[in-house]
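Working notes, beginning with the structure itself.
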Amino acid sequence: MFGSIKDQLTQELADIETAGLYKRERVITSAQDAEITLEDGSTVLNFCSNNYLGLSSHPRVVEAAKKAIDTHGFGMSSVRFICGTQDI
């Protein structure tokens, strides 16, 4: 059963790629600043980031994030309306 579905899905993906609609993800190997480095070593201007003020790599923000990881761990275990809202 999986074979026929797999063949159909493989063909659909091939059709999407042929139509130029298949999106390949870029792997960014640098901080998300105005200019970023991609996996192949090329650098490009980053017009799609929410980091337009450059705060995500500001030393004070990075230090605050490190302290928060030490006290609160990394990430939420669930959405806040189920588990509650954290104090940070």
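Residue numbers for the sequence shown follow this note's numbering, beginning at 32 and rising by one.
Quick reminder that beta carbons are idealized off the backbone N, C-alpha and C, glycines included.
Check	Outcome
The alpha helix (DSSP H) enclosing residue 67, as first and last residue numbers	No alpha helix (DSSP H) holds residue 67; the beta strand (DSSP E) holding it covers 66-68.
Whole-number beta carbon distance between residue 119 and residue 99, since they are thought to touch under 8 Å	6 Å
Residues of its chain near residue 88, where Cβ-Cβ distance is below 7 Å and the 5 sequence neighbours each way are ignored	62, 64
Cβ contact (3+ pairs, closer than 8 Å) linking the region 100-116 and the region 65-85	no
Beta strand (DSSP E) segment containing residue 74, residue limits	74-76
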